[in-house]
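Asker: One structure coming up, written as structure tokens, with questions to follow.
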Amino acid sequence: MVSFRKSEQDAGSSYQYQNLTSQNEFRLLKLLPGNRERLDCELHHYTLGSGRCPQYRAVSYTWGNDPARQSLHLSGNVMIRVRKNLKAALRSIRDPISPCWLWIDAICINQTSDREKGHQVRLMADIYGNANVVLAWLQSAGENTDVAKAFRFVQAAANFDDTEHSVYNYCQSKLNAHGQDLGADWRSVLKLCRLRYWSRKWIIQELVLARTVVLQLGTSPLPMADFEIFCGQLNANRDVEGYLDVRNGAVWKSVLASAAARLALQRSEGRGGDPRSSYLHDLVVRYQNNECRRPCDHVYALYSLVGPQRTHLTIEYEDSDVKRLVDILNFVQLHERLHPSKILSLTRLLLSLFHTRPEEFLQDPHKRGIAQSLNLVVPVTMLGSVELQQESAEAVASRKSVGVLSPTPTFEFDTSRRPLAFVSEGPQEDAVGRQDMIYFNVTDTDIYGLAACRLQNGDAIWRFRGTKYAYAVRHLPDERAQIVGRAHLFTDTELDGVRHREHEVSLDLATLLQLNLLAVSSPRDRTSHSNMGGRFEQLQAMLVDAKVVGRGRYNVFVLITSMLILCLFVGILIEYGT
């Protein structure tokens, strides 16, 4: 153990952190006893697993957005600045006659050093796992919710008896003995579950990995184990009719749907096995709505929940966004064997969580080079060959419902390899305006489309799963293929369900970005055919088209079918209109 009781700077100066020199080294805060306003403490270095660490508590809390202006005093007037909420927690934790050993990330990690933060994140599974207790300080800046009533209700219900129905039995006893309305109790629990604390991303690993958790707000404590029993019994008996008498309707459903209850249930389930045996890609999706201060912490805050494969994931706060994205995608593809069908959706989600625009990668030559270093295998559905269609009323109506598609470069692939391999990028196709888009049908299907490129009969239509556009592909000699442009599709078929012609294509990240495969759909990008008014216009266009343009027996079938559907549609309007 190394102790630093005094900075070498003058009194009144900020504390100067000493470097952590070994792989498992970390700091503990010794909060000195007292009962006055001023908080005195010391920082000590220890090595995890050395057997010399004192018993300590890890504090889980909400940082807040206010500036760190509150003072903690280390040996005189040497100070560490903290936020108001943390100081309130320390004042509540402090014992009047004996010191407290604590691990608190804002104090025990040098927050000015990205290198040290990355090092300490890798140790957090052991830091929280070895803590005697994790103290969850539920108070957040600006919140004044009193949870004492909720704590009393949860604790009494969870411990009423030794059965698996103690919550129900407790509530029933209150109703039978006093005819007491339980509405206020249930609403207090809901307020507990809606505290801002539960929305933090970092608390997930802090609570899941802990041996013992105590919830606290002010001077009121509640063992997390009681809250786990409470939520577990609600969840297990959610469909039992008798419970409807003691649960306050929509309130208990809101309790179970809360982030607080989900964490309580996850802790309970984790006791049956290793809570860290999970995949990063699942965790990122599952907890995408939890909040963190730095975008990269949407991944780093979940690091310790990942299984043993996490040792292959680098944690570097100093990395650029593109380097971090490449490392994460490479990790899930190589070490978690993420199925190609999920690669595109995960990449889109990460770009969104990191607040990164794809254009940033393409405009910067250095970032583009990094993006080109990662190859991803993604699925593509080959829908069929193109048959160019004559101009028609349907084509005119369709053009009015779509947005303009910007030109893209041409891309060549080697189709003899599995997965199909990207070969080279060619010149950019000329832009095609909305009114000049080429109307086509995919042979032997009910799929029609508009292409923003020079389309030819026999070109193929590819669609990457989960994307909003299709791509026109031209087969070339020597088992090569070339993407020549993008297209809008119109169909009532669920395209993501077409599996019989699905292949895999190997593309680097930069090419995925250039093809707009990572663009997120917005309402204005969707065709009007996706709403009822659009359907009606489409039927009208089909009727006109069938009369004007002769298509043989196929158009007779379209005409009859369209008339029947139109009659049904008008009948529905009359029924609901009256």
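Under our numbering, the first residue of the sequence shown carries the number 26, and numbering increases by one thereafter.
Beta carbons: idealized from backbone N, C-alpha and C, even for Gly.
(1) Please confirm if Arg488 has its CB atom under 7 angstroms from at least one CB of chain E.
(2) Using only the alpha-carbon positions, how far apart do Ala250 and Cys256 sit?
(3) Our contact map puts Leu378 next to Leu350 with C-beta atoms below 8 angstroms; I'd like the distance itself, whole angstroms only.
(4) Could you give the distance in angstroms between the alpha-carbon of Tyr496 and the alpha-carbon of Asp461?
(5) Here's a check: name, in chain order, each residue in its chain whose Cβ is nearer than 6 angstroms to the Cβ of Gln258, leaving out the five neighbours to either side.
(6) For Trp128, write down the residues that DSSP places opposite it in a beta bridge.
(7) Out of curiosity, what's the CA-to-CA distance linking Ala446 and Asn110?
(8) Return the chain-ordered list of same chain residues with a C-beta closer than 8 angstroms to the C-beta of Asp322, the five sequence neighbours on each side being excluded.
(9) Quick test of the definition: if touching needs 3 or more C-beta pairs under 8 angstroms, does the region 325-333 touch the region 143-157?
(10) With a CB to CB cut of under 7 angstroms and the five nearest residues on each side skipped, what residues in its chain are close to Ser47?
(11) Counting only the same chain and skipping the five closest in sequence on each side, list residues whose C-beta sits under 6 angstroms from that of Asn466.
(12) Would the region 121-134 count as touching the region 72-84 if we require 3 or more Cβ pairs under 8 angstroms?
(13) Identify which residue in Ser441, His98, Val402 has its Cα closest to the Cα of Ser39.
(14) If distances are taken between C-alpha atoms only, which option among Arg77, Ala93, Val103 comes closest to Gln41?
(15) Helix, strand or coil, according to DSSP, for Trp211 in the structure here?
(16) Over what stretch of residues does the alpha helix (DSSP H) that includes Leu445 continue unbroken?
(17) If I measure Cβ to Cβ from Ala209 and keep anything under 8 angstroms in the same chain, skipping five residues before and after, which residues do I get?
(18) Would you list, in sequence order, the uninterrupted beta strand (DSSP E) runs of no fewer than 3 residues that lie entirely inside the region 233-319?
(19) List the whole-angstrom C-beta distance separating Leu163 from Val172, where the pair is believed to meet the contact cut-off of C-beta under 8 angstroms.
(20) Can you name, in chain order, every residue of its own chain whose Cβ lies under 6 angstroms from the Cβ of Tyr494, other than the five neighbours on each side?
(21) Under 8 angstroms, with one C-beta from each stretch per pair, do the region 179-198 and the region 361-368 reach the 3-pair mark?
(22) Is the CB-CB distance between Ser100 and Phe176 below 7 angstroms?
(23) Using a Cβ-Cβ cutoff of less than 6 angstroms, which residues in the same chain neighbour Phe178 once the five nearest sequence positions on both sides are dropped?
(24) What residues in its chain sit with their C-beta under 7 angstroms from that of Glu141, if we drop five residues either side in the sequence?
(25) Helix, strand or coil: how does DSSP classify Cys218 here?
(26) Where does the unbroken beta strand (DSSP E) through Tyr473 begin, and where does it stop?
(27) Take Pro432 as the anchor and find which of Arg212, Gln145, Val457 has the nearest alpha-carbon.
(28) DSSP puts Asp484 in a beta bridge; with which residues?
(29) Measuring alpha carbon to alpha carbon, tell me which residue in Ala289, Val309, Val276, Gln197 is nearest Ala235.
(30) Return the residue from the list Gly167, Ser449, Glu529 that minimises the CA-CA distance to Arg442.
(31) Once you ignore the five residues that flank Asp120 on each side, which residues in its own chain have a CB closer than 7 angstroms to its CB?
(32) Short check: CB of Gly409 to CB of Thr336, under 7 angstroms?
(33) Grouping DSSP H, G and I as helix and E and B as strand, with all else coil, what is Gln43?
(34) Specify the secondary structure class of Ser410 as computed by DSSP and reduced to three states.
(35) Applying the 10 Å Cβ sphere with the 16-neighbour rule, what's the burial state of Ala604?
(36) If you run the structure through DSSP and keep just helix, strand and coil, what is Met104?
Answerer: Let's see:
(1) Structure shown: chain E not included; a single protein chain is present.
(2) If you number the sequence shown from 1, residue 250 lands on position 225. If you number the sequence shown from 1, residue 256 lands on position 231. Roughly 10 angstroms separates the two Cα atoms.
(3) The residue given as residue 378 occupies position 353 in the sequence shown. The residue given as residue 350 occupies position 325 in the sequence shown. The Cβ separation is near 10 angstroms, so there is no contact.
(4) Within the sequence shown, residue 496 is the residue found at index 471, counting from 1. Within the sequence shown, residue 461 is the residue found at index 436, counting from 1. Distance between the alpha carbons of Tyr496 and Asp461: 17 angstroms.
(5) Stepping through the sequence shown from its first residue, residue 258 is reached at position 233. Excluding positions up to five away in sequence, the list reads Val192.
(6) Start at 1 with the first residue of the sequence shown, and residue 128 comes out as number 103. DSSP, once it has assigned bridges, lists Ala83 as partnering Trp128.
(7) Position 421 of the sequence shown, counting from 1, holds the residue named residue 446. Position 85 of the sequence shown, counting from 1, holds the residue named residue 110. Looking at the two C-alpha atoms, the distance is approximately 54 angstroms.
(8) Numbered from its first residue, the sequence shown carries residue 322 at position 297. Cβ neighbours of Asp322 beyond the five flanking positions: Lys226, Trp227.
(9) yes
(10) For the purposes of this step, residue 47 is taken as the residue at position 22 of the sequence shown. Answer for Ser47: Thr72, listed in chain order.
(11) Within the sequence shown, the letter at position 441 stands for residue 466. The answer, listed in chain order, is Glu412, Gln414, Tyr473.
(12) yes
(13) Position 14 of the sequence shown holds residue 39. Minimum Cα distance to Ser39 is reached at His98.
(14) Working through the sequence shown from its first residue, we reach residue 41 at position 16. Selected option, being the one with the closest Cα: Val103.
(15) Here residue 211 refers to the residue found at position 186 when the sequence shown is read from its first residue. Looking at Trp211 - three-state DSSP - the assignment turns out to be helix.
(16) Locating residue 445 in the sequence shown gives position 420, where the first residue counts as 1. First-last for Leu445: 445-453, but that is the beta strand (DSSP E), not the alpha helix (DSSP H).
(17) Taking the first residue of the sequence shown as position 1, residue 209 is located at position 184. Contacts found: Lys174.
(18) 238-242, 245-248
(19) As a first step, residue 163 must be located in the sequence shown, where it is residue number 138. As a first step, residue 172 must be located in the sequence shown, where it is residue number 147. Sure, about 7 angstroms apart at Cβ, within 8 angstroms.
(20) Here residue 494 corresponds to residue number 469 of the sequence shown, with the count starting at 1. Around Tyr494: Arg511.
(21) no
(22) The residue given as residue 100 occupies position 75 in the sequence shown. The residue given as residue 176 occupies position 151 in the sequence shown. Contact: no.
(23) In the sequence shown, counting from the first residue as 1, residue 178 sits at position 153. For Phe178, where only same-chain residues beyond five positions count, the Cβ hits under 6 angstroms are Asp210.
(24) As a working mapping, residue 141 is identified with position 116 in the sequence shown. Excluding sequence neighbours, Glu141 sits near Leu45, Ile134, Asn135.
(25) Here residue 218 corresponds to residue number 193 of the sequence shown, with the count starting at 1. Of the three classes helix, strand and coil, the one that applies to Cys218 here is helix, per DSSP.
(26) One-based indexing of the sequence shown puts residue 473 at position 448. Unbroken beta strand (DSSP E) run through Tyr473: 473-476.
(27) For this step, residue 432 is matched to residue 407 along the sequence shown. When only C-alpha atoms are compared, the closest one is Val457.
(28) Counted from its first residue, the sequence shown places residue 484 at position 459. Beta-bridge pairing links Asp484 to no other residue.
(29) The residue you call residue 235 lines up with position 210 of the sequence shown. Out of Ala289, Val309, Val276, Gln197, Ala289 has the C-alpha closest to the C-alpha of Ala235.
(30) Along the sequence shown, one-based indexing puts residue 442 at 417. The residue with the shortest Cα to Cα distance from Arg442 is Glu529.
(31) For the purposes of this step, residue 120 is identified with residue 95 of the sequence shown, where counting begins at 1. Within the same chain, Asp120 has close Cβ partners Pro58.
(32) On the sequence shown, position 384 is the one that residue 409 refers to. On the sequence shown, position 311 is the one that residue 336 refers to. No; because the gap between Cβ atoms is not below 7 angstroms, this pair is not in contact.
(33) Against the sequence shown, residue 43 aligns to sequence position 18. Coil at Gln43, not helix or strand.
(34) Along the sequence shown, read from residue 1 onward, the residue named residue 410 stands at position 385. Looking at Ser410 - three-state DSSP - the assignment turns out to be strand.
(35) Look at the range of the chain in this structure, 26 to 603, and you will see that residue 604 is not part of it.
(36) The count along the sequence shown starts at 1 and reaches residue 104 at position 79. In this structure, Met104 counts as strand in the three-state DSSP scheme.
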